[in-house]
Structure formats: C-alpha cells, structure tokens
Amino acid sequence: MSAAPLLQVEHLSKSYGGVHAVQDVSFSLVPGEMLAMIGPNGAGKSTCFNMVGGQIPAGSGRVRIDGRDVSGLSPRQIWRLGVGRTFQVAQVFKSMTVRENVQAVFASRESGWGFLARAGSAHRTEAEAVLHLIGMADFADRPCADMAYGDVKRLELAMALANDPKLLLMDEPAAGMAPLERVELMGLTARIAKERQIGVLFTEHDMDVVFAHADRMMVLNRGRLIAEGRPEDVRQDTQVRAVYLGEGLVYDQAAAARRASA
Ligand SMILES: Nc1ncnc2c1ncn2[C@@H]1O[C@H](COP(=O)(O)OP(=O)(O)OP(=O)(O)O)[C@@H](O)[C@H]1O
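Residue numbers are given in numbering that gives the first Met the number 0: position 169 of the sequence shown equals residue 168, and the series is strictly consecutive.
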C-alpha cells in the first residue's frame, strides 16, 4: 500500500522496573488497512496499545498520527484527533439503551462532561445511522443490560465509529465471543474500514480471525517485534511457527481451549 501513513510508531519502548514490556517497536499503518498485532500473553500488546492511545506515557520513542507527534497528549485529546478504541472487556453504559449509548458519544464530542444528561434527546438520527451501518438498527431501544455479549461488542464498535475515527485501536475485540461471531465482527470491521478508509490496529488470539481479515500482521515476543508482513508470509516464518503457531496455527493455549470448548 502506498498511501501516506496514518499511524507511525517509532522506536517505542516501555519498562516497568526490570521488565522490558515493549522494546524498540516501530511500525506504520495506512488508511483502510487492517493490521493485526499478535503475541503470547505478556508480549507487550496492551502496553503498545496504551502508549498509542495515550493511556500510558511512552518510556521512549514516538507516536505520530497523521504526521502529528502525540507525545504527552491525554487519551481524550487523542480521541479528539479521530482515534477510536475498543477494549478486551466491552465498555458500555449498561443502564442505557443501545441508541442512547451511541447518542452519548455524539453528545460528548461537542459538549464535554455534561453529555450524559443530554444524550437522551440529541443526535438521535446520527446514532441511528451508525446503528444501521453495523446492522443494529433493530436493537436501538433495547437496554444494554439485556443484550448478549456479542451484541454488546458490536455496540462498542458502533460507539467507536460514532467518533468518526481515522484510526481504530481494537484490543482483543472478539474476546469472549463465539467463533462464528468473532469472524463476523472482524468481517464487519474490515468492510467498514475499507469503505471509510479507517486504519485498524487490532490484537487477536484467534488465528482464524487474523488470517481471514488482517492485511498485515506483526508478531511481538517479550516486547520485541520478531516478524511483520502479510499473514500468508508470517505464517511460514520459521521463528514464528516455532514460538507460537505450530501446525494448528494456534499460539495461545487459552484460545485453543476456548476454541475446543465452543
Ligand atoms: N502496570 C504494569 N506494571 C508492571 N508490569 C506491567 C504493567 N503492565 C504490564 N506489565 C508487564 O509488561 C509485560 C507486557 O504486558 P502486556 O499487558 O502489555 O502484554 P500483552 O501482550 O497485552 O498480554 P495479554 O495478551 O495477556 O493481554 C508483562 O510482563 C506485564 O506483566
């Protein structure tokens, strides 16, 4: 892909005491690209995400979004630059309906902390358009507390899209979902990413999801990038196969167990 990078990560590092959580990691991401970051538990994936999203400061190195150095910006300032984020455990307002959750995002974009009080009435049309985009129009009036977990994860994606992001950071977006739901959620994400030219950086333990939807993938091991490239090339990488993937293309014991029991 030849477009100008949307995200540039340059020599990023972070240590906790003697633990080198992330060491000299560099990569870039272009608009419309699905980039997967994989690695075993403790490899440094969440630490990387948190440095890109501003949740934790970088130890050293730099993150640029659309060419702008975002060092020192808060998560909210980075969000306002057009960076959406979803989490391993979905974060929605359970006491509100599906539509109200999306309305709250629109309201918070313009009005800061008083947004919850206004979420009930404003931005109804925009919220419904986003729900339509992700196939949840029929869920608009449902209280979130009553929804299946897979639907909550889809709502979380809708809420990230309501910020009209250029860049989406998805930390294990399909965790806790059934296998078919996982592939569908990332298929939906990939379609929207291509249509809207959103760059998506995601972590995922399910290799079926990665190989089905990533344009490119990176492998982290003990904080360092050990491989990067197209999924079909990385899956042939001898070091990656030896460390994670094996013959069954499953590098994570917990994911293998979940798959077996699903
Ligand atoms: N706040 C912290 N304090 C101390 N050590 C930390 C902290 N956060 C992460 N670490 C350590 O940094 C390393 C990388 O952790 P990180 O959570 O980034 O890995 P991960 O690849 O996201 O793992 P998982 O797949 O389990 O989420 C681990 O050794 C972890 O114990």
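All residues carry an ideal CB built from backbone N, CA and C; glycine is no exception.
| Item | Value |
| --- | --- |
| Alpha helix (DSSP H) runs contained entirely in the stretch 126-183, provided each spans 4 or more residues | 148-160 |
| Contact test: Val18 Cβ vs ligand 1 heavy atom, cutoff 7 Å | yes |
| Sheet register partners of Lys193 (DSSP bridge) | Bridge partners of Lys193: none, in fact. |
| Any non-hydrogen atom of ligand 1 closer than 7 Å to Tyr148 Cβ | no |
| According to DSSP, residues forming a beta bridge with Gln7 | Ser27, Arg63 |
| Beta-carbon gap between Val129 and Met169 smaller than 8 Å | no |
| Gly53 Cβ short of 7 Å to ligand 1 heavy atom set | no |
| DSSP-derived helix/strand/coil call for Ala118 | Note that Ala118 has pLDDT 49, beneath the 50 cutoff, so the model's placement of it is unreliable and the number below is only indicative. Three-state DSSP puts Ala118 in coil, outside helix and strand. |
| Proximal residues to Phe105 (C-beta, below 6 Å), its chain only, five neighbours per side dropped | His122, Glu125, Ala161 |
| Reduced DSSP secondary structure (H/G/I, E/B, other) of Ser14 | strand |
| Residues that DSSP places opposite Thr46 in a beta bridge | Paired residue(s): none; Thr46 is not in a bridge. |
| Thr266: CB within 7 Å of a non-hydrogen atom of ligand 1 | Limits of the chain in this structure are 0 at one end and 261 at the other, which puts residue 266 out of reach. |
| Closest Cα partner of Leu187 within the set Leu154, Val62, Leu219, Ser25 | Leu154 |
| Reference Arg84; option with closest CA among Ala147, Gly53, Phe92, Lys13 | Gly53 |
| Coarse secondary structure for Val249, derived from DSSP in three states | Because Val249 sits at a pLDDT of 42, beneath the cut-off of 50, its placement in the model cannot be relied upon, and the following sentence gives the value as read from the coordinates. In this structure, Val249 counts as coil in the three-state DSSP scheme. |
| Contacts around Ala213, its chain only, beta-carbon distance under 6 Å, and the 5 residues preceding and following it disregarded | Met33, Ala35, Pro230 |
| Inside the stretch 211-249 only - beta strand (DSSP E) runs reaching at least 3 residues | 215-220, 223-228 |
| Other residues of its chain near Gly175: CB distance less than 7 Å, five sequence neighbours each side excluded | Tyr148 |
| Simplified DSSP assignment, three categories, for Phe105 | helix |
| For Gln196 and Ala189, the rounded distance between their alpha carbons | 10 Å |
| Proximity test, Gly60 beta-carbon vs ligand 1 heavy atom, cut-off 7 Å | no |
| For Val82, three-class secondary structure by DSSP | strand |
| Contact test: Asn162 Cβ vs ligand 3 heavy atom, cutoff 7 Å | No copy of ligand 3 occurs in the structure displayed; its ligands are ligand 1 alone. |
| Inter-residue Cα distance where the pair is Ala2 and Asp145 | 42 Å |
| Beta-bridge pairing of Met33 - partner residues as DSSP gives them | Val199 |
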